[in-house]
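In the numbering used here, the protein residues as written are 24 to 282.
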């Protein structure tokens, strides 16, 4: 539905509620809910690209040097890339040497970023293909994943030393219930307790449905959060509708951060 038609429908629905004789409080509550739904449906979603690398033995530092010396200067000039972060393994059940996460204003923002990087690289006398090819020469393998963030299912991102990346595979047909539990129970609890969190739905992945990112200053903070989560009333239901979960804890490479 186009933005103009959605706005008209939004106004018509509020008019209908008012004409039904709802109390002022009920009308305001309905108006607030409608505005939240309008904002959620019309706002450009943030899209993440996550690239996870396994490097050849002894090649990690060489790959990091290419990022640091050649790619990061271009990223800093690229205003279409909202943010760039790099992480190293702290605790992980799967082998990885580096994860890089880029943020964009929707898929359109990703396309604009790619075009900007091509132009910036050309001005620098190189190409993004050459830079990424040089990094790939040091890699034993890598995976690409794309995630769209879901407003209301987290408290927002904040700079931190550690981040837990938790992937969820949900029982078929239970995705909506999973989102409801996060929105109505988990995210409000995290907000009350000062936990920084984000939730996204995978667009491209190896069979995962959702990604949650939880920020901590140390491992003790993660353990405290995890114990408290297990004490929530909805935890049993969350476990029941989750067919698989994977947790990795990564440390931020602060000198690689862009914006």
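Think of the CB as a built atom: it goes at the ideal place given N, C-alpha and C, for glycine as much as any other residue. Being a predicted model, the structure only gives us computed values, none of them experimental.
Contact check, residue 273 vs residue 112 under 8 Å by CB: the rounded distance?
-> One-based indexing of the chain shown puts residue 273 at position 250. One-based indexing of the chain shown puts residue 112 at position 89. Confirmed, about 6 Å.
Could you tell me the boundaries of the beta strand (DSSP E) in which residue 238 lies?
-> The residue given as residue 238 occupies position 215 in the chain shown. Note, residue 238: beta strand (DSSP E), 233-239.
Quick one: does the C-beta of residue 271 sit closer than 6 Å to a heavy atom of the ligand GTP?
-> No copy of the ligand GTP occurs in the structure displayed, which carries no ligand at all.
Supposed close pair residue 210, residue 176 - CB separation, criterion 8 Å | Working through the chain shown from its first residue, we reach residue 210 at position 187. Working through the chain shown from its first residue, we reach residue 176 at position 153. The beta-carbon distance between residue 210 and residue 176, rounded to whole angstroms, is 6 Å. This is short enough to meet the 8 Å contact definition.
Identify the residues that DSSP records as bridge partners of residue 246: which are they?
-> Stepping through the chain shown from its first residue, residue 246 is reached at position 223. According to DSSP, which records beta bridges pairwise, residue 246 is partnered with nothing at all.
Limits of the unbroken beta strand (DSSP E) element including residue 222 = In the chain shown, residue 222 corresponds to position 199, counting from 1. If you look at residue 222, you'll find it in the beta strand (DSSP E) that goes 219-227.
With 16 other Cβ atoms within 10 Å as the buried cut-off, status of residue 161 | Indexing the chain shown from 1 puts residue 161 at position 138. Looking at its Cβ environment, which holds 16 or more other Cβ atoms inside 10 Å, residue 161 is buried.
Closest Cα partner of residue 229 within the set 243, 100, 221 and 190 = One-based indexing of the chain shown puts residue 229 at position 206. When only C-alpha atoms are compared, the closest one is 190.
With DSSP run on the structure shown, which of helix, strand or coil describes residue 203?
-> As a working mapping, residue 203 is identified with position 180 in the chain shown. Residue 203 falls in the helix class under three-state DSSP.
Per the contact definition of three or more C-beta pairs closer than 8 Å, is the segment 218-232 in contact with the segment 154-170?
-> As far as the Cβ criterion goes, the segment 154-170 touches the segment 218-232, which means the pair count is three or higher.
Determine the extent of the beta strand (DSSP E) in which residue 71 is found, giving its start and end residues.
-> Looking up residue 71 in the chain shown gives position 48. Counting along the chain, the beta strand (DSSP E) containing residue 71 begins and ends at 69-78.
Could you pull out every residue in the same chain whose Cβ sits closer than 7 Å to the Cβ of residue 68, ignoring the five residues on either side in sequence?
-> For this step, residue 68 is matched to residue 45 along the chain shown. These residues qualify, in order along the chain: 129, 171 and 172.
Is residue 254 helix, strand or coil when you go by DSSP?
-> Translated into the one-based positions of the chain shown, residue 254 becomes position 231. Three-state result, residue 254: coil.
Using the Cα positions of residue 164 and residue 281, report the straight-line distance between them to the nearest angstrom.
-> Residue 164 sits at position 141 when you count from the first residue of the chain shown. Residue 281 sits at position 258 when you count from the first residue of the chain shown. Distance between the alpha carbons of residue 164 and residue 281: 25 Å.
Pull up the distance between the alpha-carbon of residue 117 and that of residue 148, whole angstroms please.
-> Numbered from 1 along the chain shown, position 94 holds the residue referred to as residue 117. Numbered from 1 along the chain shown, position 125 holds the residue referred to as residue 148. Roughly 37 Å separates the two Cα atoms.
Exposure label - residue 223; buried when at least 16 CB within 10 Å = Counting from 1 along the chain shown, the entry for residue 223 is found at position 200. By the C-beta density criterion, residue 223 is buried, having at least 16 other C-beta atoms within 10 angstroms.
When 102, 110 and 76 are compared against residue 187, the one with the closest alpha-carbon | For this step, residue 187 is matched to residue 164 along the chain shown. If we check each option's Cα against that of residue 187, 110 comes out closest.
Can at least three beta-carbon pairs, one atom from the segment 130-143 and one from the segment 89-109, be found at a separation below 8 Å?
-> yes
Please state if the CB of residue 213 and the CB of residue 166 are separated by a distance shorter than 7 Å.
-> The residue labelled residue 166 in the question sits at position 143 within the chain shown. The residue labelled residue 213 in the question sits at position 190 within the chain shown. Not in contact: residue 166 and residue 213 (Cβ atoms no closer than 7 Å).
Return the chain-ordered ranges of every beta strand (DSSP E) run that is complete within the segment 95-146 and spans a minimum of 3 residues.
-> 106-114 and 121-128
Residues near residue 217 in its chain [Cβ-Cβ closer than 7 Å; skip 5 each side] | Here residue 217 refers to the residue found at position 194 when the chain shown is read from its first residue. Result list for residue 217: empty, nothing under 7 Å.
Among residues of its own chain, excluding the 5 on either side of residue 198, which ones have a beta-carbon nearer than 7 Å to its beta-carbon?
-> Position 175 of the chain shown, counted from the start, is the residue given in the question as residue 198. In its chain, beyond the 5 residues on either side, 232 have a beta carbon closer than 7 Å to the beta carbon of residue 198.
With C-beta atoms as the reference, is residue 158 less than 7 Å away from residue 86?
-> By one-based count along the chain shown, residue 158 stands at place 135. By one-based count along the chain shown, residue 86 stands at place 63. With contacts defined by Cβ atoms closer than 7 Å, residue 158 and residue 86 form a contacting pair.
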